[in-house]
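Worksheet: one structure, shown below.
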Amino acid sequence: MLELFRNPKNLGRMDDANATATAGSLACGDMIAIYLKIDEKTQVIEKAQFESYGCAANIAAASLLTEMVKGKPLEEAWKISWVDISEELGGLPPIKYHCGVLAVGALRRAIRAYFKNREKPDWLPEGPTPEEKHALEEEKLMEMLARRYKIQVGKRG
Ligand code: FES
Numbered sequence: 000m001l002e003l004f005r006n007p008k009n010l011g012r013m014d015d016a017n018a019t020a021t022a023g024s025l026a027c028g029d030m031i032a033i034y035l036k037i038d039e040k041t042q043v044i045e046k047a048q049f050e051s052y053g054c055a056a057n058i059a060a061a062s063l064l065t066e067m068v069k070g071k072p073l074e075e076a077w078k079i080s081w082v083d084i085s086e087e088l089g090g091l092p093p094i095k096y097h098c099g100v101l102a103v104g105a106l107r108r109a110i111r112a113y114f115k116n117r118e119k120p121d122w123l124p125e126g127p128t129p130e131e132k133h134a135l136e137e138e139k140l141m142e143m144l145a146r147r148y149k150i151q152v153g154k155r156g
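Sequential numbering of the sequence shown, starting at 0, is according to numbering that gives the first Met the number 0.
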């Protein structure tokens, strides 16, 4: 896991992505963005990249996840769970579970974003999965940070 943190794969923004999503965790205040380049005809993920403002475990999880989904059809990528990621990383400690959940949640949000204006496949659940619920919307996180900031400003003033 440390190796993936020191030399993360697929790190950085992707300019030609056709599906992107961000996710933030209220548990720790960290954020992640996932970029996917999906083949329109085959719905296979050609490229996957990420940006993480999270901890070492989150960077390692996102790095591994983006490696795992490359070359996979969206349906298979959707099925990867945070438990799979944790196992691949040698077992995340319980306090770090949410870091893997955040990476998987962001990926699922990116896959959902891809189908926003396209015909939805049968395998895509209607309601959000636990991973997606956990990866709270960035906007909510920003609101919370803004509120915090205002409180601080208020105290100062
Ligand atoms: Fe926030 Fe790991 S502690 S993503």
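Note that CB positions come from ideal geometry on N, CA and C, so glycine has one too. Bear in mind the structure is a predicted one, so any value in this text is a computation, not a measurement.
L1 to A60, Cα distance in whole Å? 11 Å
Endpoints, the alpha helix (DSSP H) within which T65 is located: 55 to 68
For A26, which three-state DSSP category applies? coil
If you follow the alpha helix (DSSP H) that S85 is in, where does it begin and where does it stop? 81 to 87
Pick helix, strand or coil for K132, following the three-state DSSP scheme. helix
Contact between the stretch 76 to 94 and the stretch 10 to 26: three or more CB pairs below 8 Å? no
Which residue's Cα is closest to the Cα of G11: D121, R146, Y52, I44? Y52
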